[in-house]
(Lines of atoms letter the chains of each structure in order from A and count residues from 1; the text may use other names and numbers.)
(Lines give C-alpha, C1' and ligand atoms only; values in the text may rest on other atoms or scores of the structure.)
Protein backbone atom coordinates (compact mmCIF):
# COMPACT_ATOMS: atom_id res chain seq x y z
CA UNK A 1 0.00 0.00 0.00
CA UNK A 2 1.37 3.43 -0.96
CA UNK A 3 1.19 6.71 0.97
CA UNK A 4 -1.70 8.11 -1.08
CA UNK A 5 -3.79 5.03 -0.31
CA UNK A 6 -2.89 5.34 3.38
CA UNK A 7 -3.93 9.01 3.33
CA UNK A 8 -7.38 8.32 1.91
CA UNK A 9 -7.89 5.31 4.18
CA UNK A 10 -7.18 7.57 7.14
CA UNK A 11 -9.55 10.28 5.85
CA UNK A 12 -12.22 7.61 5.42
CA UNK A 13 -11.61 6.27 8.93
CA UNK A 14 -11.87 9.72 10.52
CA UNK A 15 -14.87 10.93 8.47
CA UNK A 16 -17.81 11.92 10.70
CA UNK A 17 -20.29 13.07 8.04
CA UNK A 18 -21.92 9.95 6.52
CA UNK A 19 -23.90 10.34 3.29
CA UNK A 20 -26.50 8.05 1.66
CA UNK A 21 -23.95 7.14 -1.01
CA UNK A 22 -20.17 7.28 -1.22
CA UNK A 23 -18.71 10.70 -1.99
CA UNK A 24 -16.78 10.68 -5.30
CA UNK A 25 -13.28 12.15 -5.13
CA UNK A 26 -11.27 12.68 -8.31
CA UNK A 27 -7.52 12.37 -7.71
CA UNK A 28 -5.09 14.20 -9.98
CA UNK A 29 -1.34 14.77 -10.06
CA UNK A 30 1.25 12.29 -8.89
CA UNK A 31 -1.27 10.67 -6.55
CA UNK A 32 -3.22 9.46 -9.58
CA UNK A 33 -0.02 7.85 -10.92
CA UNK A 34 0.69 6.14 -7.58
CA UNK A 35 -2.86 4.71 -7.55
CA UNK A 36 -2.61 3.22 -11.06
CA UNK A 37 1.02 2.16 -11.48
CA UNK A 38 3.92 0.66 -9.55
CA UNK A 39 5.59 4.08 -9.51
CA UNK A 40 6.21 5.85 -6.23
CA UNK A 41 8.23 8.70 -4.79
CA UNK A 42 8.05 11.00 -1.79
CA UNK A 43 5.29 13.58 -2.02
CA UNK A 44 3.83 16.15 0.34
CA UNK A 45 0.18 16.08 -0.72
CA UNK A 46 -2.65 14.28 -2.44
CA UNK A 47 -4.60 16.46 -4.87
CA UNK A 48 -8.37 16.21 -5.17
CA UNK A 49 -9.99 18.05 -8.08
CA UNK A 50 -12.78 20.45 -7.18
CA UNK A 51 -16.02 19.15 -8.72
CA UNK A 52 -19.77 19.72 -8.33
CA UNK A 53 -19.76 17.01 -5.66
CA UNK A 54 -16.93 18.68 -3.74
CA UNK A 55 -18.99 21.58 -2.41
CA UNK A 56 -17.55 24.40 -0.31
CA UNK A 57 -18.85 22.63 2.81
CA UNK A 58 -17.32 19.30 1.81
CA UNK A 59 -14.03 20.97 0.91
CA UNK A 60 -13.91 22.63 4.31
CA UNK A 61 -14.58 19.31 6.06
CA UNK A 62 -11.96 17.46 4.02
CA UNK A 63 -9.32 20.06 4.79
CA UNK A 64 -10.26 20.06 8.48
CA UNK A 65 -9.67 16.30 8.60
CA UNK A 66 -6.53 16.04 6.47
CA UNK A 67 -5.54 19.44 5.08
CA UNK A 68 -2.28 21.26 5.66
CA UNK A 69 -1.33 21.45 9.36
CA UNK A 70 -4.09 18.99 10.34
CA UNK A 71 -3.44 16.13 12.78
CA UNK A 72 -3.29 13.77 9.79
CA UNK A 73 -0.64 15.96 8.14
CA UNK A 74 1.42 16.08 11.33
CA UNK A 75 1.12 12.31 11.79
CA UNK A 76 1.72 11.22 8.17
CA UNK A 77 3.77 14.07 6.74
CA UNK A 78 1.21 14.13 3.94
CA UNK A 79 -1.87 16.27 3.49
CA UNK A 80 -4.89 16.54 1.24
CA UNK A 81 -5.37 19.54 -1.06
CA UNK A 82 -8.41 20.52 -3.12
CA UNK A 83 -7.42 22.02 -6.49
CA UNK A 84 -9.63 24.58 -8.24
CA UNK A 85 -11.17 22.97 -11.33
CA UNK A 86 -9.93 25.53 -13.87
CA UNK A 87 -6.33 25.54 -12.67
CA UNK A 88 -4.80 22.28 -13.99
CA UNK A 89 -3.86 21.98 -17.66
CA UNK A 90 -6.42 19.29 -18.46
CA UNK A 91 -8.11 18.21 -21.67
CA UNK A 92 -11.78 18.98 -22.09
CA UNK A 93 -13.52 15.96 -20.57
CA UNK A 94 -10.61 14.61 -18.48
CA UNK A 95 -10.61 10.82 -18.15
CA UNK A 96 -10.93 9.30 -14.67
CA UNK A 97 -10.77 5.63 -13.70
CA UNK A 98 -12.60 4.23 -10.64
CA UNK A 99 -10.23 2.50 -8.23
CA UNK A 100 -12.61 -0.40 -7.68
CA UNK A 101 -10.41 -2.66 -5.55
CA UNK A 102 -9.28 0.19 -3.29
CA UNK A 103 -12.80 1.61 -3.04
CA UNK A 104 -14.08 -1.71 -1.70
CA UNK A 105 -12.26 -0.94 1.55
CA UNK A 106 -13.71 2.58 1.92
CA UNK A 107 -16.97 3.39 3.71
CA UNK A 108 -17.49 7.05 2.80
CA UNK A 109 -15.61 7.79 -0.42
CA UNK A 110 -15.26 6.51 -3.97
CA UNK A 111 -11.85 7.30 -5.45
CA UNK A 112 -11.27 7.93 -9.16
CA UNK A 113 -7.76 8.53 -10.56
CA UNK A 114 -6.98 10.75 -13.53
CA UNK A 115 -5.85 8.78 -16.58
CA UNK A 116 -2.06 8.44 -16.77
CA UNK A 117 -1.85 10.28 -20.11
CA UNK A 118 -3.98 13.14 -18.79
CA UNK A 119 -1.76 13.38 -15.71
CA UNK A 120 1.28 13.66 -17.98
CA UNK A 121 -0.43 16.40 -20.02
CA UNK A 122 -1.38 18.27 -16.85
CA UNK A 123 2.23 18.34 -15.69
CA UNK A 124 3.43 20.21 -18.78
CA UNK A 125 2.19 23.57 -17.48
CA UNK A 126 4.40 23.78 -14.38
CA UNK A 127 6.92 21.03 -15.26
CA UNK A 128 9.22 21.41 -12.29
CA UNK A 129 11.79 18.78 -11.28
CA UNK A 130 9.21 16.47 -9.67
CA UNK A 131 6.89 16.80 -12.67
CA UNK A 132 9.72 15.89 -15.03
CA UNK A 133 10.60 12.88 -12.86
CA UNK A 134 6.97 11.71 -12.95
CA UNK A 135 6.73 12.06 -16.72
CA UNK A 136 10.05 10.30 -17.29
CA UNK A 137 8.93 7.44 -15.04
CA UNK A 138 5.77 7.01 -17.14
CA UNK A 139 7.81 7.17 -20.36
CA UNK A 140 10.32 4.61 -19.03
CA UNK A 141 7.44 2.25 -18.18
CA UNK A 142 6.01 2.55 -21.70
CA UNK A 143 2.82 4.16 -20.39
CA UNK A 144 2.82 7.17 -22.73
CA UNK A 145 1.45 6.27 -26.15
CA UNK A 146 2.56 9.13 -28.39
CA UNK A 147 -0.53 9.50 -30.58
CA UNK A 148 -2.86 9.50 -27.56
CA UNK A 149 -0.53 11.92 -25.75
CA UNK A 150 -0.72 14.42 -28.62
CA UNK A 151 -4.48 13.99 -28.96
CA UNK A 152 -5.03 14.71 -25.25
CA UNK A 153 -2.54 17.60 -25.33
CA UNK A 154 -4.45 19.20 -28.23
CA UNK A 155 -7.69 18.78 -26.29
CA UNK A 156 -6.10 20.69 -23.40
CA UNK A 157 -4.85 23.41 -25.77
CA UNK A 158 -8.40 23.82 -27.11
CA UNK A 159 -9.71 24.24 -23.58
CA UNK A 160 -7.05 26.76 -22.51
CA UNK A 161 -7.04 28.78 -25.75
CA UNK A 162 -10.35 30.47 -24.98
CA UNK A 163 -9.23 32.73 -22.13
CA UNK A 164 -6.29 34.31 -20.33
CA UNK A 165 -4.84 30.86 -19.60
CA UNK A 166 -3.73 30.80 -23.25
CA UNK A 167 -0.65 32.75 -22.15
CA UNK A 168 0.65 29.49 -20.68
CA UNK A 169 0.41 27.59 -23.97
CA UNK A 170 3.84 28.42 -25.49
CA UNK A 171 5.52 27.08 -22.33
CA UNK A 172 3.32 23.97 -22.36
CA UNK A 173 4.24 23.32 -26.00
CA UNK A 174 7.95 23.75 -25.26
CA UNK A 175 7.63 21.22 -22.43
CA UNK A 176 5.70 18.83 -24.66
CA UNK A 177 8.48 18.97 -27.24
CA UNK A 178 11.07 18.38 -24.51
CA UNK A 179 9.22 15.22 -23.42
CA UNK A 180 8.97 14.03 -27.03
CA UNK A 181 12.63 14.71 -27.76
CA UNK A 182 14.30 13.69 -24.49
CA UNK A 183 11.99 11.04 -23.01
CA UNK A 184 9.97 9.47 -25.81
CA UNK A 185 12.73 9.83 -28.43
CA UNK A 186 10.26 10.81 -31.14
CA UNK A 187 10.01 13.73 -33.52
CA UNK A 188 8.73 16.95 -31.94
CA UNK A 189 5.15 17.82 -32.82
CA UNK A 190 4.10 21.16 -34.25
CA UNK A 191 1.15 22.46 -32.25
CA UNK A 192 -0.93 25.27 -33.70
CA UNK A 193 -1.64 28.14 -31.37
CA UNK A 194 -4.86 30.20 -31.56
CA UNK A 195 -4.80 32.73 -34.42
CA UNK A 196 -4.74 35.68 -32.05
CA UNK A 197 -1.47 34.39 -30.52
CA UNK A 198 0.35 34.04 -33.84
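Numbering (our numbering), first residue to last: 1 to 198. Backbone N, C-alpha and C fix where the C-beta goes; we use that ideal spot for every residue, glycine too.
Between the C-alpha atoms of residue i and residue j, what's the straight-line distance to the nearest angstrom?
i           : j           : result
residue 61  : residue 49  : 15 Å
residue 8   : residue 170 : 36 Å
residue 79  : residue 67  : 5 Å
residue 119 : residue 188 : 20 Å
residue 230 : residue 29  : In the structure displayed, the chain extends from 1 to 198; residue 230 sits before or after that span and is not available.
residue 143 : residue 85  : 25 Å
Can you list, in chain order, the residues of its chain with a C-beta nearer than 8 Å to that of residue i? Leave out the 5 residues immediately preceding and following it.
i           : result
residue 136 : 183
residue 103 : 22, 109, 110 and 111
Given a threshold of 16 other Cβ atoms within 10 Å of its Cβ, counted over all protein chains shown, does residue i qualify as buried or as exposed?
i           : result
residue 46  : buried
residue 164 : exposed
residue 31  : buried
residue 57  : exposed
residue 203 : Given that the chain is displayed from residue 1 to residue 198, the structure contains no residue 203 and the question cannot be resolved.
With a threshold of 6 Å on Cβ separation, who are the neighbours of residue i within its own chain once the five nearest residues in sequence on each side are excluded?
i           : result
residue 125 : 89, 168 and 172
residue 2   : 34 and 40
residue 10  : 72
residue 191 : 173
One question on the structure: do residue i and residue j come within less than 9 Å of each other, judged by their Cβ atoms?
i           : j           : result
residue 117 : residue 149 : yes
residue 108 : residue 17  : yes
Beta strand (DSSP E) containing residue i: first to last residue?
i           : result
residue 28  : 23-28
residue 113 : 109-114
residue 151 : No beta strand (DSSP E) holds residue 151; the alpha helix (DSSP H) holding it covers 146-160.
residue 193 : Run containing residue 193: none; DSSP gives neither H nor E here.
residue 80  : 79-83
What residue range does the alpha helix (DSSP H) around residue i cover?
i           : result
residue 97  : Looking at the DSSP string, residue 97 is not in any alpha helix (DSSP H); the run it does join, the beta strand (DSSP E), is 96-98.
residue 140 : 129-140
residue 12  : 3-14
residue 65  : 56-66
Once you ignore the five residues that flank residue i on each side, which residues in its own chain have a CB closer than 7 Å to its CB?
i         : result
residue 4 : 31, 34, 35 and 46
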